[in-house]
Amino acid sequence: MVDLKRLERICAVPGISSFEQEIGRILEEEYRGLGLTCRKDGLGSVIAAKCEDRPGPKMMIAAHMDEVGFMVEAIDENGFLKLRPVGSWWSHLVLGQWYTVVTKDNRRYPALMGSMATHGLPAEIRNKTVSIEDVYLDLGVENREEVFSLGIDTGDMVVPWTHFEVMQNPKYVSCKAFDDRIGNYIMLEAAGRLRGEVHTPLYLANTVQEEPGLRGARTATECVHPDIAFAIDTTLAGDTPANQNICSLGKGVVLSMIDSNSIAPRKLVRYVEGICEKHHIDYQYAVFNKGGTDSGNIHKAFDGVINMTLSIPIRYMHTNHSMIHTDDVEACIRLVCELAKDMSAEMSSVVAQRL
Amino acid sequence: MNTERLKTLCNSFGVSSGEQAAARILQESCKPLCDELRYDRLGSVFAIKRSENPKAATLMIASPLDEPGLMISEVKKDGTLAFIPLESIAPSSLLHQRVRILTREDTYIDGVIGMDKKTLEDSCEVKSAEDLFITCGLSGEEAGERIHPGDLAGYAGTFTEQDGILMAKALFPRILNEVILELLEKIRDEEFDFHLAAGCTAQSVIGYRGTKTAAYVIRPDAAIALTAFDTAKRKIQLGDKVILGYYDKQMLPSQAFLRDFAGRVETKEYFGLLGNDGSFIHKTLKGTPSISTGIAVDHLGSANEICKAGDADALTDALASYLRTLDSEKIMGFGMGDGHG
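Listed in order, the protein sequences are those of chains F and R.
With the numbering used here, the residue at position 294 of the first sequence is 721, and numbering never jumps.
With the numbering used here, the residue at position 260 of the second sequence is 645, and numbering never jumps.
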């Protein structure tokens with residue numbers, strides 16, 4: 428059963444790339460509560476470890492803590508905020524949405540992404556989208572001085588306004604930041620279910636700065652030096668009128684065959700399929716190489732790491748309200764648990780790409 | 386030029402991440418020619434020729450292990466297969482090529498890339514890979530049983546040799562792999578005062594991934610990346626023998642190494658954009674002085690490439706004679722520092 432209150436709590440925390448301190452602190456607290464040891468890498472990735480002293484190959488699971496958002500780049504004299512995107516956004520899906528501005532001392536203010544009046548728009552403007560460089564936030568204030576008096580300054584983080592909604596079919600849920608807080612949630616749930624179990628050394632890496640370039644994946648992998656690794660991220664669902672591909676909400680955890688920076692090794696895919704079949708875990712595939720995941724920097728670290736990405740299908744990725752299916756989440760939690768329990772030195776050599 | 390071995394290599398399946406068939410041939414061929422074989426976890430294969438010198442430097446000679454290819458993204462109900470190219474191959478070059486799909490059972494199914502146009506009636510303009518699909522002559526049911534998303538596909542081609550002119554698929558990188566084998570044969574009974582690591586990097590042409598992990602395993606002090614240079618736009622042509630890279634988008638060669646090599650070997654210079662293994666060898670770890678060299682190829686990256694056996698032989702001879710001018714002191718001299726005082 429997916430704990431929606433806990434999921435909402437994890438998704439709600441504001442945390443763009445390099446601003447992951449608060450979500451990191453919350454996750455660390457949760458992991459310590461479960462009895463795992465925690466450490467941080469040089470950039471702030473939170474790495475929780477379990478069964479470190481057990482024999483067996485080191486298994487790392489990685490999910491990034493950073494969500495897509497903006498930074499305040501400038502405040503004009505009328506109090507409108509000019510923004511710098513952190514992570515990729517399409518302006519079409521940003522105008523008219525509510526955002527939260529977060530000050531350095533964690534005060535939070537709602538702001539509206541401004542848009543031009545629609546009445547009387549000439550056709551050639553209507554047919555285009557605004558450049559993401561030209562969007563601005565409206566705090567509903569009179570001038571720049573009022574903005575400063577709120578404690579807002581350049582460099583502050585801006586994230587989508589949180590609105591967690593359980594849809595008409597309650598297995599469909601919508602919120603901001605499922606990419607990739609759903610991964611952080613899955614790892615935490617798995618750690619809870621593995622409590623009291625003894626298994627191969629397991630490292631749950633909540634990485635930083637994935638969106639701008641898989642950076643925490645590099646540093647976390649350097650710290651852990653795993654033998655085998657799985658990144659958990661989201662992947663584009665193709666089950667809507669706007670997008671068609673082989674991946675659908677509700678069909679299970681996704682075995683991502685490829686992303687823009689890595690290919691899943693065949694033997695590892697067969698092994699994961701075997702675990703899913705054995706434990707009756709629903710799974711599906713995605714073949715999509717226009718987006719990257721932490722695996723891009725994990726698999727080619729050191730002399731190579733046997734590594735692939737497990738994904739949750741998502742609609743409306745990198746928008747204020749994405750949508751996922753709780754069956755897929757449950758399938759992924761179960762898969763992570765079974766992988767941790769099944770992995771051993773013997774299994775590790777089975778999946779290694781030896782000639 | 387061992388044409389028979391080259392033919393076996395070219396005809397083997399070796400698409401990025403599914404290079405095992407090609408790797409096995411290389412592994413078997415390298416074994417008798419070196420002191421040990423070394424691997425990384427992505428599948429790279431390197432032959433190590435060790436020196437007796439306790440202070441031996443290490444020279445790495447790298448060529449790609451993988452050939453460009455495709456991944457099946459969907460098996461449709463009518464038996465056609467959607468795919469994504471793994472490398473940035475011009476989509477129009479793919480139309481009507483014969484491909485070979487590697488199934489989960491390690492068997493091969495051949496197909497042809499097509500589009501929903503009539504070749505004798507329409508203009509068949511290809512704007513993107515999404516205009517294309519593969520057909521194998523299988524029904525939807527048969528295709529669904531035997532082929533799956535994630536399966537890899539490579540070009541299927543015929544290898545021919547006529548008066549020293551070679552035509553085949555995957556000449557890039559197989560002609561370079563063959564040069565390494567012939568180089569190892571040539572220097573088999575010679576001793577050097579440096580270690581030599583010569584071999585093939587997995588998942589290289591797709592993005593220098595095995596290049597990084599192989600460099601981590603080998604820890605070279607200097608490196609030569611073998612690559613092929615496209616003759617299009619008339620900068621070079623078949624018969625130009627040894628081509629030396631002076632610039633590409635991913636690496637500026639070590640000036641010290643470049644000048645020494647150019648001073649001792651007859652070469653034709655090439656300024657291009659396409660990267661090679663040097664891109665990740667030179668900037669991985671603490672930094673490794675590297676150069677890129679190779680031969681001219683027509684239609685580089687397509688289903689049908691052409692090169693000259695004479696150029697490959699010239700490259701093998703040039704490398705052998707250059708190695709004889711090298712010693713550990715010289716190799717270390719190409720470097721600028723190792724991060725310590």
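Ideal placement from N, C-alpha and C gives every residue a C-beta, glycine not left out.
On a predicted model such as this, the values are computed, not experimentally measured, just so you know.
Just how far apart, CA to CA, sit residue i and residue j?
| i | j | result |
| --- | --- | --- |
| R/Ile-666 | F/Val-635 | 27 Å |
| F/Val-714 | R/Asp-578 | 48 Å |
| R/Ala-538 | R/Val-400 | 7 Å |
| F/Ile-443 | F/Arg-761 | 28 Å |
| F/Asn-533 | F/Asn-688 | 35 Å |
| R/Ala-800 | R/Ala-697 | This structure gives no information on residue 800 of chain R, because the portion of chain R shown stretches from 386 to 726. |
| F/Arg-535 | F/Phe-446 | 14 Å |
| R/Gly-535 | R/Leu-487 | 10 Å |
| R/Cys-419 | R/Ile-446 | 14 Å |
| F/Gly-619 | F/Ser-472 | 20 Å |
| F/Ala-647 | F/Ser-738 | 20 Å |
| R/Phe-559 | R/Ala-587 | The sequence shown places Arg at residue 559 of chain R, not Phe. Their Cα atoms are separated by approximately 13 Å. |
| F/Ile-690 | F/Ser-775 | 18 Å |
| F/Met-744 | F/Leu-663 | 7 Å |
| F/Gly-701 | F/Lys-768 | 14 Å |
| R/Ala-718 | F/Phe-657 | For clarity, residue 718 of chain R is Gly in the given sequence; the question names Ala instead. So the two alpha carbons sit approximately 42 Å from each other. |
| R/Tyr-601 | R/Ser-477 | 37 Å |
| R/Leu-490 | R/Val-564 | The sequence given here has Glu at residue 490 of chain R, not Leu. Their backbone Cα atoms lie some 32 Å apart in a straight line. |
| R/Asn-365 | R/Ala-408 | Residue 365 of chain R lies beyond the range of chain R shown here (386 to 726); nothing can be said about it. |
| R/Ile-621 | F/Gly-643 | 43 Å |
| F/Glu-569 | F/Val-557 | 25 Å |
Quick one: is residue i buried, meaning 16 or more other Cβ sit within 10 Å of its Cβ, or exposed?
| i | result |
| --- | --- |
| R/Gly-663 | buried |
| R/Leu-658 | exposed |
| F/Leu-463 | buried |
| F/Asn-724 | buried |
| F/Ser-722 | buried |
| F/Val-651 | buried |
| F/Ile-552 | exposed |
| F/Gly-483 | buried |
| F/Ser-749 | buried |
| F/Met-735 | buried |
| F/Thr-589 | buried |
| R/Met-636 | buried |
Residue i: beta carbon under 8 Å from a heavy atom of the ligand NAP?
| i | result |
| --- | --- |
| R/Cys-415 | In the structure on display, the ligand NAP does not appear, and there are no ligands present to speak of. |
In three-state DSSP terms, what is residue i?
| i | result |
| --- | --- |
| R/Tyr-707 | helix |
| R/Asp-536 | coil |
| R/Gln-405 | helix |
| R/Asn-562 | helix |
| F/Gln-524 | coil |
| F/Arg-433 | helix |
| F/Tyr-710 | strand |
| F/Glu-500 | strand |
| R/Ile-474 | coil |
| R/Asp-662 | coil |
| F/Leu-762 | helix |
| F/Ser-689 | strand |
| F/Ile-673 | coil |
| R/Gln-412 | helix |
| F/Tyr-630 | strand |
| R/Ser-677 | strand |
| F/Asn-734 | strand |
| R/Phe-468 | strand |
| F/Ser-749 | strand |
| R/Cys-692 | strand |
| R/Ser-458 | strand |
| R/Glu-515 | helix |
Those runs of the alpha helix (DSSP H) which lie wholly inside the region 566-646 of chain R and span at least 4 residues: 594-603, all fully within the region 566-646 of chain R.
Contact list for the region 521-534 of chain R against chain F, Cβ threshold 7 Å: Residues Pro-534.
Members of the region 683-695 of chain F that neighbour chain R once the beta carbon cut-off is set at 8 Å: Using a CB distance below 8 Å, the part of the region 683-695 of chain F facing chain R consists of Met-684, Ile-685, Asn-688, Ser-689, Ile-690, Ala-691, Pro-692, Arg-693, ordered along the chain.
Continuous alpha helix (DSSP H) assignments of at least 4 residues falling wholly in the region 539-619 of chain F: The alpha helix (DSSP H) runs lying completely inside the region 539-619 of chain F and spanning 4 residues or more are 550-553, 571-576, given in chain order.
Contact set between the region 474-500 of chain R and chain B, restricted to residues whose Cβ is under 7 Å from the partner: In the structure shown, chain B does not exist; the protein chains are F and R.
Interfacial residues, the region 699-712 of chain F to chain R, with Cβ spacing under 7 Å: If the cut-off is 7 Å between Cβ atoms, the region 699-712 of chain F has Tyr-712 near chain R.
Positions along the region 524-553 of chain F whose CB lies within less than 9 Å of some CB in chain R: When CB distances to chain R are screened at a threshold of 9 Å, not a single residue of the region 524-553 of chain F falls below it.
The region 589-601 of chain R: positions lying closer than 9 Å to chain F by Cβ: Answer in chain order: Ile-591, Gly-592, Tyr-593, Arg-594, Gly-595, Thr-596, Lys-597, Thr-598, Ala-599, Tyr-601.
Near-chain R residues of the region 643-677 of chain F - C-beta to any C-beta below 8 Å: Under the 8 Å Cβ criterion, the region 643-677 of chain F contributes Asn-672, Ile-673.
Residues of the region 443-470 of chain R whose Cβ lies closer than 8 Å to any Cβ of chain F, in chain order: Answer in chain order: Met-456, Ile-457, Ser-458, Glu-459, Ile-469.
Residues, ordered as in the chain, of the region 401-419 of chain R that lie near chain F by beta-carbon distance below 9 Å: The residues in question are Ser-401, Ser-402, Gly-403, Gln-405, Ala-408, Arg-409, Gln-412.
Residues of the region 492-518 of chain F with Cβ closer than 7 Å to any Cβ of chain R, in chain order: Those residues of the region 492-518 of chain F that come within reach of chain R (Cβ to Cβ, closer than 7 Å) do not exist; the list is empty.
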